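In this text, residue positions in the sequence shown follow the numbering used here: the first is 27, and each later residue adds one.
Ideal Cβ placement from N, Cα and C applies to all residues, glycine included.
Every value quoted in this text rests on a predicted model; they were computed, and no experiment measured them.
The structure appears below as structure tokens.
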Amino acid sequence: MRLPGYCRRFPKGDAMKVDEAFACLGGALQAGRLAQGYIVEGPLRGEGMELAVRLLSLLFCEKVETSGAPCGRCRGCRQVVEHTHPDILWLEPQKKSRQISVEQIRDLQSRMYQTSYGGGWKAGVIVGADRLNLSAGNAFLKVLEEPPGESLFLLLSEAPQFLLPTIRSRCQRLAVGRDELRLPDTWRTQLVELLVESGDGRVEGGRIVAIERSTARLEALLKEVKQAAALHEGELAEAESTEESDETLEARIAARYRELRSGVLRALLSWQRDILLLLCGGAPSLVYFAEQLEVLTARAGTLSYPQAMANVVAIETMNRKLEQNLPERLVIADTFHRLG
Ligand SMILES: [Zn+2]
27 MRLPGYCRRF PKGDAMKVDE AFACLGGALQ AGRLAQGYIV EGPLRGEGME
77 LAVRLLSLLF CEKVETSGAP CGRCRGCRQV VEHTHPDILW LEPQKKSRQI
127 SVEQIRDLQS RMYQTSYGGG WKAGVIVGAD RLNLSAGNAF LKVLEEPPGE
177 SLFLLLSEAP QFLLPTIRSR CQRLAVGRDE LRLPDTWRTQ LVELLVESGD
227 GRVEGGRIVA IERSTARLEA LLKEVKQAAA LHEGELAEAE STEESDETLE
277 ARIAARYREL RSGVLRALLS WQRDILLLLC GGAPSLVYFA EQLEVLTARA
327 GTLSYPQAMA NVVAIETMNR KLEQNLPERL VIADTFHRLG
């Protein structure tokens with residue numbers, strides 16, 4: 027049986043190693059087919075940044091080696107690493123608001139249209155691109171629509187789902203080092219317990235009790251995630267010793283919570299995709315929840331293909347509704363009712 031499209035876009039198989047992604051970009055550059063914009067999905071202090079720096083070094087290296095790798099020693103390479111290259115513009119969220127403002131984008135725009143110092147490429151790098159606020163996002167879209175010649179935009183993000191869809195559709199996406207973005211073990215364990223139980227038809231009290239229990243468990247997990255977000259942002263604010271209004275801190279916590287929650291939601295989706303994959307005869311080595319292969323296989327044995335597909339769609343719909351800030355509790359309860 028042919029695998030449906032879903033099975034080819036597995037969260038696990040999706041992410042590449044930095045070496046692979048770099049080879050891919052190097053090839054595109056050599057063939058003159060580098061895209062105007064790339065969304066680099068990966069840790070900002072890890073593989074995501076590493077890939078960006080390697081690609082930029084390749085663009086600005088003065089002595090590219092015969093292997094096609096940047097030399098790593100010339101002035102160009104050094105300036106890339108030190109963030110001092112005159113033809114690379116780095117943008118980061120402002121410290122206080124944690125947002126990228128429309129003024130920052132306007133500045134980027136005007137500087138990208140100036141002639142490059144080196145007479146070649148110019149690059150704009152947005153670190154934490156999901157922090158573009160709406161007006162900044164729209165302003166950036168205009169830049170992407172009419173990009174200056176020989177220019178490259180890199181959008182680094184750990185949560186690209188928060189980028190405007192219009193920006194996403196104009197950029198190519200590269201995911202690297204996804205394993206770094208794995209759920210913390212305690213959350214993963216709680217989620218697995220919930221998932222194993224939620225599909226178990228033998229829960230005392232029947233289906234409705236089981237649904238109520240799963241809903242309550244997911245809510246409890248998300249409550250923990252919210253507390254972690256508050257703790258993290260509170261500590262950060264303290265470390266930066268910025269004097270923030272309560273409102274700003276609240277906004278930061280809410281943004282962090284959405285980021286962390288999206289990891290939980292992705293994992294929920296992976297569970298349903300795992301079942302679908304096994305149902306389609308996909309290789310067990312491809313499942314995301316490898317430690318639960320037995321449960322997943324049993325589950326796949328009780329579902330029809332349309333049911334398994336409907337479950338995937340139900341979780342995707344839930345994730346979309348939650349990203350639109352619809353009431354969490356209602357959305358979750360409704361979704362568990364729909365799952366077959
Ligand atoms: Zn070099």
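Extent of the continuous beta strand (DSSP E) run through residue i
i, result
"Q198", "Q198 to A201"
"S183", "S177 to S183"
Proximity test, residue i beta-carbon vs ligand 1 heavy atom, cut-off 7 Å
i, result
"G366", "no"
"G102", "yes"
"E108", "no"
"P96", "yes"
"R243", "no"
"R99", "yes"
"C87", "yes"
Three-way DSSP call (helix, strand, coil) for residue i in this model
i, result
"Y143", "coil"
"G63", "strand"
"D149", "With the sequence shown as reference, residue 149 is identified as Ala, and Asp is not the correct amino acid for it. Strand at A149."
"L305", "helix"
"L115", "strand"
"E349", "helix"
"K38", "Only weak support is given to the placement of K38: the predicted model assigns it a pLDDT of 37, under 50, and the value that follows is read from those uncertain coordinates. If DSSP states are grouped into helix, strand and coil, K38 belongs with the helices."
"V339", "helix"
"V313", "coil"
Integer-rounded CB distance, given that residue j should sit under 8 Å from residue i
i, j, result
"I126", "L82", "The pair is not a contact, with the Cβ atoms about 19 Å apart (cut-off 8 Å)."
"E186", "E73", "One detail in the question is off: residue 186 reads as Pro in this sequence, not Glu. Rounded, the Cβ-Cβ distance is 14 Å, inconsistent with contact."
"A165", "V128", "5 Å"
"L295", "L178", "Not really, about 32 Å apart at Cβ, beyond 8 Å."
"Y64", "Q198", "5 Å"
"E245", "R355", "7 Å"
Length of the line joining the Cα atoms of residue i and residue j
i, j, result
"S240", "V357", "13 Å"
"L262", "Q333", "44 Å"
"G225", "Q253", "28 Å"
"E221", "A336", "In the sequence as displayed, the identity of residue 221 is Leu instead of Glu. In a straight line, the C-alpha of L221 is about 16 Å away from that of A336."
"Q318", "W213", "15 Å"
"G163", "I193", "8 Å"
"T343", "E88", "49 Å"
"E91", "E176", "22 Å"
"E206", "E184", "Low confidence applies here, because E206 scores a pLDDT of 41, under 50, leaving its location unreliable and the question unanswered by this model."
"V44", "V202", "6 Å"
"G58", "Q105", "24 Å"
"V251", "L286", "7 Å"
"Q130", "L117", "7 Å"
"T110", "Y331", "54 Å"
"L84", "L190", "29 Å"
"L167", "Q135", "11 Å"
"Q140", "Q350", "38 Å"
"N159", "R124", "10 Å"
"E172", "M138", "11 Å"
"A255", "R282", "6 Å"
"C103", "F86", "7 Å"
"E76", "L180", "12 Å"
Boundaries (first-last residue) of the alpha helix (DSSP H) holding residue i
i, result
"L170", "L160 to E171"
"I131", "V128 to M138"
"G225", "Per DSSP, G225 belongs to no alpha helix (DSSP H) and is neither H nor E."
"F188", "Counting along the chain, F188 falls outside any alpha helix (DSSP H), and DSSP gives it neither H nor E."
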